[in-house]
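Position 350 (the sequence shown) corresponds to 349 in numbering that gives the first Met the number 0; numbering is contiguous. Glycine included, each C-beta is placed from N, C-alpha and C at the ideal position. Since the model is a prediction, treat every value here as computed from it, not as a measurement. Structure record follows, encoded as structure tokens.
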Amino acid sequence: MPQEVQGIVARSKGAPVTLETIVIPDPGPGEAVVKIQACGVCHTDLHYREGGINDEFPFLLGHEAAGTVESVGEGVTNVKPGDYVILNWRAVCGTCRSCLKGKPWYCFSTFNASQKMTLTDGTELSPALGIGAFVEKTLVHSGQCTPVDPEAPATAAGLLGCGVMAGLGAAMNTGNVGRGDSVAVFGCGGVGDAAIAGAYLAGASTIIAVDIDDQKLGWATDFGATHTCNANETDAVEYIKSVTGGNGADVCIEAVGNPHVYKQAFEARDLAGTVVLVGVPHPDHTIELPFIEMFGRGGSLKSSWYGDCLPSRDFPMLIDLYQQGRLDLDRFVSETISIGDVEEAFHKMERGEVLRSVVVMP
Ligand SMILES: [Zn+2]
Ligand SMILES: [Zn+2]
Numbered sequence: 000m001p002q003e004v005q006g007i008v009a010r011s012k013g014a015p016v017t018l019e020t021i022v023i024p025d026p027g028p029g030e031a032v033v034k035i036q037a038c039g040v041c042h043t044d045l046h047y048r049e050g051g052i053n054d055e056f057p058f059l060l061g062h063e064a065a066g067t068v069e070s071v072g073e074g075v076t077n078v079k080p081g082d083y084v085i086l087n088w089r090a091v092c093g094t095c096r097s098c099l100k101g102k103p104w105y106c107f108s109t110f111n112a113s114q115k116m117t118l119t120d121g122t123e124l125s126p127a128l129g130i131g132a133f134v135e136k137t138l139v140h141s142g143q144c145t146p147v148d149p150e151a152p153a154t155a156a157g158l159l160g161c162g163v164m165a166g167l168g169a170a171m172n173t174g175n176v177g178r179g180d181s182v183a184v185f186g187c188g189g190v191g192d193a194a195i196a197g198a199y200l201a202g203a204s205t206i207i208a209v210d211i212d213d214q215k216l217g218w219a220t221d222f223g224a225t226h227t228c229n230a231n232e233t234d235a236v237e238y239i240k241s242v243t244g245g246n247g248a249d250v251c252i253e254a255v256g257n258p259h260v261y262k263q264a265f266e267a268r269d270l271a272g273t274v275v276l277v278g279v280p281h282p283d284h285t286i287e288l289p290f291i292e293m294f295g296r297g298g299s300l301k302s303s304w305y306g307d308c309l310p311s312r313d314f315p316m317l318i319d320l321y322q323q324g325r326l327d328l329d330r331f332v333s334e335t336i337s338i339g340d341v342e343e344a345f346h347k348m349e350r351g352e353v354l355r356s357v358v359v360m361p
């Protein structure tokens, strides 16, 4: 029997989100219904509401979530009812050209539920990032569920579902930060601070946080930054060179998605170093770089999709590190809110007041 639950919907471009009754079908083959316990508020949810991702309104928002599997459809073997899971938007297919090359973290054909959740009048919803988790229960592909230790609280665990994983993975997977490396992180919101935490975990000895907001630089220090630079007051490139023996950083992570900031990351990198772009650029932006420098500086310019994570490999490992006290996921949770407070949480995010507001379900 389809179930009716309450969830947060963006009905039209720019309009405030509304609490609506959502119809959740029974799970079909390969699908699972998950009872959501907590879901973080991410910039991407706001981008959906503003029509910045696509025009497929109405959207069921929310995608950084943890919860408990309620029921599964035919053929599901990776999870069972009662399992505690983190939801992901990279349910790898195993058969696309990237999976076949042994690089499933780039999977080009990830799975989502094939049935649609709807409003009570039958209008089909587009779930954010194929998840939709500001809702009591959601329908996903079973591959979007990664079981982890149920002792880890959902407010912390759910964050690995998107932004925090993107940042940790930008440092640990894409940037391949190692012991003794110098790392510069541009932009110290949730993703940038997670990149700092990832660089710290990986053993970087110098971690330089760059932002234009002193409060965010304070957060960055809490996550392991050894140096901070307010780019409004100090030339970031000069500063990074001054604290790395004049050389620049081994790994520069751009967590803003701004051409001007990317250029700084490019220039602040040591010879043969790596630039990682994890900030999402605006579709209209272009960038101009000295071509000879792209050759002359060597190294690599990489992009990080979702931290190049493999949920089945990375989520349980990171939950282990969290439970050992080595990765402070709780520090990302600025506040817990109820499902009716998502619109206000968007405004706090826009004003830069919070790292993460996390919706806790009743
Ligand atoms: Zn694939
Ligand atoms: Zn997100």
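Test item: CB-CB of residue i and residue j under 8 Å
| i | j | result |
| --- | --- | --- |
| residue 339 | residue 133 | no |
| residue 170 | residue 197 | yes |
| residue 23 | residue 118 | no |
| residue 325 | residue 221 | no |
| residue 250 | residue 182 | yes |
| residue 165 | residue 306 | yes |
| residue 311 | residue 168 | no |
| residue 202 | residue 177 | yes |
| residue 63 | residue 34 | no |
| residue 219 | residue 192 | yes |
| residue 91 | residue 65 | no |
| residue 309 | residue 103 | yes |
| residue 255 | residue 278 | yes |
| residue 245 | residue 239 | no |
| residue 8 | residue 136 | no |
| residue 146 | residue 44 | no |
| residue 295 | residue 268 | no |
| residue 358 | residue 333 | no |
| residue 276 | residue 158 | no |
| residue 154 | residue 335 | yes |
Per-residue burial, residue i [other beta carbons within 10 Å of its own, 16 or more giving buried]
| i | result |
| --- | --- |
| residue 87 | buried |
| residue 26 | buried |
| residue 400 | Outside the shown range of the chain (0 to 361) lies residue 400, about which nothing can therefore be said. |
| residue 99 | exposed |
| residue 350 | exposed |
| residue 270 | exposed |
| residue 232 | exposed |
| residue 360 | buried |
| residue 126 | buried |
| residue 266 | buried |
| residue 174 | buried |
| residue 96 | exposed |
| residue 162 | buried |
| residue 116 | buried |
| residue 313 | buried |
| residue 94 | exposed |
| residue 243 | buried |
| residue 291 | exposed |
| residue 234 | exposed |
| residue 180 | buried |
Cross-strand partners of residue i (DSSP beta bridge)
| i | result |
| --- | --- |
| residue 185 | 209, 253 |
| residue 85 | 65, 145 |
| residue 23 | 2 |
| residue 268 | 248 |
| residue 58 | 9, 125 |
| residue 359 | 37 |
| residue 32 | 70, 138 |
| residue 334 | 356 |
| residue 228 | 209 |
| residue 275 | 252, 301 |
| residue 117 | 22, 123 |
| residue 17 | 8 |
Own chain, CB closer than 6 Å to residue i, minus 5 neighbours either side, in chain order
| i | result |
| --- | --- |
| residue 46 | 52 |
| residue 264 | 185, 251, 253, 274 |
| residue 257 | none |
| residue 67 | 34, 83 |
| residue 77 | 141 |
| residue 215 | 187 |
| residue 280 | 256 |
Neighbourhood of residue i by C-beta distance below 7 Å, restricted to the same chain and skipping five residues each side
| i | result |
| --- | --- |
| residue 148 | 318, 322 |
| residue 347 | 353, 356 |
| residue 10 | 17, 56, 57 |
| residue 151 | 318, 321, 322 |
Cut-off 8 Å between Cβ atoms - residues of its own chain near residue i, not counting five sequence neighbours on either side
| i | result |
| --- | --- |
| residue 30 | 71, 72, 75, 112, 113, 114, 138, 139, 140, 141 |
Cutoff 8 Å: residue i Cβ touching any chain B Cβ
| i | result |
| --- | --- |
| residue 244 | Within the model displayed, chain B is absent; a lone protein chain is all it includes. |
Ligand 4 heavy atom lying under 7 Å from the CB of residue i
| i | result |
| --- | --- |
| residue 308 | What this structure holds is ligand 1 and ligand 2, not ligand 4. |
Quiz prompt | Given 8 Å, three or more beta-carbon pairs between the region 218-229 and the region 276-287 | solution = no
Quiz item: Can we say the region 308-323 touches the region 210-221, given the rule of at least three CB pairs closer than 8 Å?
Solution: no
Exercise. Evaluate contact between the region 25-43 and the region 125-142, counting only Cβ atoms and requiring at least three cross-stretch pairs below 8 Å.
Key: yes
Quiz prompt | Meets three-Cβ-pair contact criterion under 8 Å: the region 9-18 and the region 336-351 | solution = yes
Practice problem: Flag this pair as touching only if the region 183-199 and the region 350-358 have three or more C-beta atom pairs under 8 Å; answer yes or no. | Solution: yes
Exercise. Spell out a yes or no on whether the region 43-57 and the region 104-113 are touching, meaning 3 or more CB-CB pairs, one atom from each, closer than 8 Å.
Key: no
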